[in-house]
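Here's the structure we're looking at; comments come further down.
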């Protein structure tokens, strides 16, 4: 597969997941502010911007400004609207690889963004976030249903899995910065679409240990950090069928495997006690894996050096 196509598919997976998860995080943040009248809006908004890696923003901080920066800013590829636009642009460059249904979904979503912005003004931000989640779910379903399980599929799922680890870690970081109240766990589980599954797994017992264990370590829930790391590890292994006799073939495999093992063999109580450091480590892991994947599989451009011809 051409490295250009592989890179486009990788970033389609990342950007679609980023749009969905950013919508989820913003929805959690705004719900918490509405549910708890004692939350200081400026402090909460500054904390959320920090979690999402947005710095150098001048005061004042408000919910409306956060929605503008992280939800509706077209020039920011980390915002909901910016990520959807970037996913569509990458799909346009890989039209020969993605299915027509995938392209039509991304294109229709992009063309629907102006109406979605009007929906924010008329119905509120929660309707907009729900629309984004639905569109991303349609895209994920069509991806699973219409793509062959070849290298293109592996790169797209790899990008989606790495982004899911990063965004789930950021989502959990909003809980850490909120002070760790029980309602915060409830809101987080609902935002991940995990509430009903969690109830069936733990029979209605809601506490810090069980909630953290479920979102970090559960092997069966696809949005858990462990499940996403395992999916990324599987994709990397299939991309390198000739592993040799010792170790693994690539830096990306070593980084992901080390992070997965670090989670797998730590108890839930230990994770809770060191949750902030664990989440910071997961975000660093995603950045390192992205760099390693780019070096290994994608085109590398070097600076052009102009050399004058010697005059005879």
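Residue numbers (the UniProt record's numbering): 1 to 312. Glycine included, C-beta positions come from ideal geometry on N, C-alpha and C.
- Here DSSP, grouped into helix, strand and coil, assigns residue 250 to coil.
- When rounded, the separation of the alpha-carbon atoms in residue 209 and residue 41 is 28 Å.
- Along the length of the stretch 4 to 60, whole alpha helix (DSSP H) runs at least 4 residues long occupy 41 to 51, reported in chain order.
- When DSSP states are grouped into helix, strand and coil, residue 80 belongs to the helix group.
- For the pair of segments examined, the stretch 12 to 21 was found to touch the stretch 153 to 170: the number of CB pairs separated by less than 8 Å reaches three.
- In the structure shown, residue 194 falls within a coil segment according to DSSP collapsed to helix, strand and coil.
- At the C-beta level, residue 193 and residue 170 stay beyond 9 Å of one another.
- The Cβ-Cβ distance between residue 240 and residue 250 falls below 9 Å.
- Here DSSP, grouped into helix, strand and coil, assigns residue 130 to helix.
- With contacts defined as CB atoms closer than 9 Å, residue 26 and residue 125 qualify as a contacting pair.
- Taken atom to atom, the span from the alpha-carbon of residue 150 to that of residue 62 is near 45 Å.
- The continuous alpha helix (DSSP H) containing residue 288 extends over residues 275 to 297.
- Proximity of the stretch 134 to 150 to the stretch 215 to 230 falls short of the contact definition, fewer than three beta-carbon pairs being nearer than 8 Å.
- If you look at residue 100, you'll find it in the alpha helix (DSSP H) that goes 100 to 111.
- For the options 51, 104, 114, the alpha carbon positioned closest to that of residue 72 is the one of 114.
- As the crow flies, the alpha-carbon of residue 247 is around 28 Å from that of residue 270.
- Pairing residue 277 with residue 259, the inter-Cα distance amounts to about 13 Å.
- In chain order, 25, 28, 29, 48, 51 place their CB closer than 7 Å to the CB of residue 174, counting only its own chain and leaving out the 5 sequence neighbours on each side.
- The closest CA to that of residue 207, considering only 221, 191, 186, is found on 186.
- Bounds of the alpha helix (DSSP H) holding residue 65 are 63 to 67.
- In this chain, residue 94 is not harboured by any alpha helix (DSSP H), its DSSP state being neither H nor E.
- When only Cα atoms are considered, residue 243 and residue 138 end up about 35 Å apart.
- When the Cα atoms are used, residue 235 and residue 133 turn out to be separated by approximately 25 Å.
- If you check the CB distance, residue 12 and residue 87 come in under 9 Å.
- DSSP, read as helix, strand or coil, puts residue 74 in coil.
- A distance below 6 Å between beta-carbons, with the five flanking residues on each side excluded, links residue 231 to the following residues of its chain, in chain order: 161.
- Within 10 angstroms of the beta-carbon of residue 34 lie fewer than 16 other beta-carbons, which makes it exposed.
- The beta carbon of residue 152 lies closer than 6 Å to those of 9, 97 in the same chain, with the five residues before and after it left out.
- For residue 240, there is no enclosing alpha helix (DSSP H), as DSSP marks it with neither H nor E.
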